[in-house]
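In the UniProt record's numbering, the protein residues as written are 1 to 1077.
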C-alpha cells in the first residue's frame, strides 16, 4: 500500500484547505490518538462478487485524485498535498466463518480499535484502508478506515452512490459510465481567490471582546493537561421521540427556522447554564461547498470547515426572536466560512496559548444510510455504523430523519459517563421546552423530570420531628434527671446541672422583676471563660427574652453601634468590663447585684416561651462597613442542636471544650449542645497559645472540640499529636484537604461543618474519611439545599452555582433592615416548593459557590465575591489556593487580586524553606498561565480575625511583594538559543526576544509550531515531536531540552549536514518550479 511519491509519479501539488491545515497539525501533534481517523462499517447480506468489489474501489481511487493524495510538510514553509499518478491499493480479506458470533463481535471491535490507533503515515498514499471480512457464506463485514484529511461526510455519500453504480457495472461485466468529476484542486484554487482582508474585518467584529474559551466546568479530571496524548474517547446517544421531532419540525416551519438552529440554541443555553456566562462560544461545522463554484455539490474532498459561533444568551429575551437572530447570524457567517481557524483565532482577542473553543456541534445533513439504500442487486446492507474521533473534548452530532438523534463523543479522561448521560437528557428537556411556547430564555428549564426529582426532592428529604420545646426547657429536664452530674468545668471549679439550673432560674426571676417582656433584647457583656456567661444566657431564655452577645475584645465603637442598633433594654456586665457602659442604657453590674440575685427563687419560672420566639440577635460583618443583626428563633437553634446530638452521638460521658468568642454564633453550639445531652462543658481560659490549648485538651480529657481550620492548623504546627478519642469539629471557613488528612490521623473523627449565621450555626455536617475529598456533605435535619443560577433556576449535578438554603434553620431576617432582608431572604417559587413543608418557603441566599457531586454531596468552591475576572478570565481564587497548599513546602496560602494594574498575589506560609520560582513552576504545571500569581510573598503566619478566620484585609500591601519572575530582557547566549531565536524572529516578525518569552504569548499558534518544527529540523537536524515544542514554549526551556536530547555534532559533521540540507533545499525548489510551470 505504500507508494513512493517520486518525481515521475507526481500528478499534482497544491496547498491545503484551512481545515486540512488544522487536521494535519493535530494528527502530527498526537499521532497515535486516533483523531481524525474515520471508520465506516456495515454488513453485506447476500451474494457478493469479490472481484467486482475489489475492482470498484481501485476504479474510485483512479477516478478521484484526493484518494491518491499524501501530505508533505517537513522543511517546507507551508505544508502541501501531493497527488500520485498511480496508487496501488489492495483490500484486506479475512475469514472469520469459524468464529462464534461473540468472537466475531470482539474481533471486529479489536480490529476497529487497532486501525484507529495505527492511523496513517500522512506522507504515503493512499490514506485509507479497506477490510472485507467473511462472517458466513452469505454475510460479509465491510470496514473502511480513512483519514478525514481526504474526505468529508458529503463526499463519502457521493463515493458510496458511485460505488453502487460501478459495482453493478462490473458485476455485469460492463464498463461503468460516469460523468467526469471536478478536481479538488479547483476548490483550493477558489479558496485562494477569496478576500481575506474583508474576512478579517468580519471575524474581528464577530469576536470583539471575547477573551477566553467557554468551559463546561465539569471536568472529571482537572489534572489532565492540554498536551495529554492518550485521550480515550467514548460516545453516547439519545433519540428524541417521533412526536417531539414532529413538534420541532412543525415549529421550524411556522417560524421559518431550521432544526439545526434549535440544536445550536439548545447547546448555547446548556453552555450558558453550565459555564455561568451569558456570552458563550462553541464551534460549528459548515458544509463549505460554495454555490459560486460550479459542481461543488458533486466534488469529492474535504470542504467542511470548523468555525466559531458566538451566542449572546440574554435571559429576558424572547426565545423565538433569539432563534431568528441565531439563524441570521449563521447566514452572515456563511459568506466568510472559507477562513482558516488559525487565522480566525489570530484575529480574535483569545490568547494563542488557549483554544478558541472546547466544544463542537455538528449537524449531519448528509447521513450515510440514504446513499446505501439504493438497490445493490442481491445484496442487502445492514447495521451501518460510522465512527469518528475529533481532537475536541466534547462533540455533539445531530442527525434528523423521522427522529432527531443526538450523539455525544467525549474524552473519558475529562468527562464521566454519567455526566454525558445527564447532558443528553438535558438537551432533550431544552428541546421539549422550546416547543411549549414563546418564553424568556431564563424561564426554560434544563433539568429533566428525573433530575428534578433527584436533586430537588430526594436529596432534600431531611424531614424529622423537632421537639416542641425550647432549649432551656430541655436543659431544665436534664437537671431533674441528673442533678448531681457535672455540667460546667472552669479553672479548677465545677457546676452541677442542679446548680446551673438554680442559678439560671435566679437570673430569670431577677430579669422578670425588672419588667423584662417576651423577646426583649438584652445585651450580654461578659468574659467568655466565666461560668456566669452560661448562667446568664439560660436565665435570659427562661425569662422569654433574647440575648445579644457582645465580645469584650471588640473595639468600643463597634460595640456601641451594636447596642444602639439592637435597641437594648438592658446590658448585663461585670465589674472588670466597664469600658462601653453609657448613660443612655440601663446596665446591670452582676457582680454588684450578686446578693440580690442570690435571693431570687431557684425553681423554674412559669413563663410561656414558644419555639417561634426570638432567642438571640447576633451581629455579623456587613458589606456597608456596619455589622448587621441576624434574628434566630428558638426552634432554629433546637433543630441544629438535636441533629448534631444524634449525628455526633453525644452522650453524658462527653466533654466539650468551649474556646470560641461569644460573638461568633458557633459559641451557642459549644455552650448548649453538651447541656441538652447531659455532657460537660469545659470553659477554656480566655487566652491560650497553641501549646496551652493542647495541654488543656489533654488535662481535661476533652472528647469533642469545635474550632476553625486556622486554630486546628496552629495546633498541628505547634507539635500537637492529637488525641485518639477526640471528635474534631471543623468549620467557619474552608477546610483544605491537607489539613483534613492531618487531623484524621490524630483523632477519632473529623467533621467538616458548614453554615452561614443566617441559617443558624451549621446547615451541614460531613464526617470525613482518609484519602477522600473534603465536601460539605448533605443538609442536616429539616434543611434543604438548592444550587441555583442567578435567575433561581436549579443547576445540574457538577455545575457551579450559588447555594440557597431553606428549612427550619433559616433566620427571621435582619434586624430593622427590611431592604437587606428582602434581598437575601427570598420566597420559593416552583419547582423548589415541592420539597419543603408549607412554612419553609423562605430561601436564604448564601453568596457561596458550590456544586453537587454525583453522590449528592456538596463541594464548596468559595465565596462568589471571591470569584474574580482578570483580563477577561473568570478565576476562582480558592482553586489557586488549593493548588498552592498541595505543594509539600507550603502550609497555607491565600491569593488576592490587586486592583491597581490588575494582577494576582499569593501569600504563602512555608512549611520548609522555599524557592519562589520553584513554586511558580509547580503552579504552572497545574494551572493555565492566567491563573499563575504575578507575585508571591512569604509570611510567618496569616492574619486572623477574632473569630479565627483568615483576615484578608490585613494582608500586606503590594509594596512588600517579592516578585516570583523577573521581567528583565535576557538575550540568547548559546548557539542553540541564538538559532531558536533566529527562527522565532522569522516566524513571529519580532526583533527583541528574551529567552524567557513564551512563544504563544508572542502570537505563536499551531501552524507556526509546524513551521518551527520544520526549521529546527533544517537548521539543527533535530526532528522534534510537536508535543515537545508545546511543552517547552520558551527559548530557554527549548534550548535546554535540545541540549539534553542530543549532544552537539562535531564541526565536520555540522559541515556535512549543512551541505546536505542546502542540496536538498535546491532540489525541492527546482521541483516546485517545474510543477508550477
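The C-beta atom is built at its ideal place from N, Cα and C for all residues, glycine as well.
These numbers were taken from a predicted model, which means no experiment stands behind them.
Which of helix, strand or coil DSSP assigns to residue i
| i | result |
| --- | --- |
| residue 777 | strand |
| residue 996 | coil |
| residue 634 | helix |
| residue 618 | strand |
| residue 704 | strand |
| residue 791 | coil |
| residue 852 | strand |
| residue 459 | helix |
| residue 414 | coil |
| residue 15 | strand |
| residue 216 | coil |
| residue 152 | coil |
Beta-bridge pairing of residue i - partner residues as DSSP gives them
| i | result |
| --- | --- |
| residue 285 | 306 |
| residue 751 | 729, 767 |
| residue 806 | 784 |
| residue 827 | 842 |
| residue 363 | 398 |
| residue 549 | 524 |
| residue 573 | 525, 589 |
Exposed unless 16 or more other CB atoms sit within 10 angstroms - verdict on residue i
| i | result |
| --- | --- |
| residue 157 | buried |
| residue 891 | buried |
| residue 969 | exposed |
| residue 685 | exposed |
| residue 7 | exposed |
| residue 882 | buried |
| residue 830 | exposed |
| residue 924 | exposed |
| residue 887 | buried |
For residue j and residue i, the rounded distance between their alpha carbons
| i | j | result |
| --- | --- | --- |
| residue 658 | residue 671 | 7 Å |
| residue 1015 | residue 1023 | 10 Å |
| residue 245 | residue 402 | 7 Å |
| residue 42 | residue 217 | 37 Å |
| residue 920 | residue 895 | 13 Å |
| residue 1078 | residue 849 | Lying outside 1 to 1077, the shown extent of the chain, residue 1078 is not represented and no answer is given. |
| residue 611 | residue 501 | 20 Å |
| residue 800 | residue 854 | 13 Å |
| residue 136 | residue 875 | 59 Å |
| residue 1003 | residue 300 | 35 Å |
| residue 863 | residue 847 | 6 Å |
| residue 813 | residue 741 | 37 Å |
| residue 1096 | residue 600 | One cannot answer for residue 1096 here, as it falls past the ends of the chain, which runs 1 to 1077. |
| residue 729 | residue 399 | 54 Å |
| residue 1082 | residue 760 | As displayed, the chain neither begins before 1 nor continues past 1077, which places residue 1082 out of reach and without an answer. |
| residue 503 | residue 884 | 51 Å |
| residue 826 | residue 215 | 30 Å |
| residue 1018 | residue 39 | 36 Å |
| residue 673 | residue 695 | 23 Å |
| residue 435 | residue 448 | 15 Å |
> Any contact of the stretch 123-130 with the stretch 138-154, i.e. 3+ C-beta pairs under 8 Å?
Replying inline: yes
> Hey, is the stretch 419-439 in contact with the stretch 183-198, meaning 3+ C-beta pairs nearer than 8 Å?
Replying inline: With the cut-off at 8 Å, the stretch 419-439 and the stretch 183-198 do not touch.
>> For the pair the stretch 155-171 and the stretch 116-125, tell me if three or more CB-CB distances fall below 8 Å.
In response: no
> Is the stretch 298-314 touching the stretch 265-274 in the sense that three or more CB pairs, one from each, lie closer than 8 Å?
Replying inline: yes
>> Does the stretch 509-521 come into contact with the stretch 475-494, if we say contact requires no fewer than three beta-carbon pairs (one atom in each stretch) closer than 8 Å?
In response: no
> Given 8 Å as the limit, is there contact between the stretch 1003-1019 and the stretch 30-39, that is, 3 or more CB pairs closer than that?
Replying inline: No, the stretch 1003-1019 is not in contact with the stretch 30-39.
>> Check whether the stretch 335-353 and the stretch 199-212 touch, using three or more Cβ-Cβ pairs below 8 Å as the test.
In response: yes
> Should the stretch 106-120 be called in touch with the stretch 10-25, which here means at least 3 C-beta pairs below 8 Å?
Replying inline: no
> Given 8 Å as the limit, is there contact between the stretch 808-817 and the stretch 628-638, that is, 3 or more CB pairs closer than that?
Replying inline: yes
>> Tell me whether the stretch 759-779 and the stretch 814-823 touch, counting them as touching only if at least three CB pairs, one residue from each stretch, are closer than 8 Å.
In response: no
> So, do the stretch 472-486 and the stretch 353-368 have three or more beta carbon pairs nearer to each other than 8 Å?
Replying inline: no
> Is there contact here, the stretch 275-286 with the stretch 426-445, by at least three beta-carbon pairs under 8 Å?
Replying inline: no
> Any chance the stretch 691-708 sits against the stretch 650-657, with 3 or more Cβ pairs inside 8 Å?
Replying inline: yes
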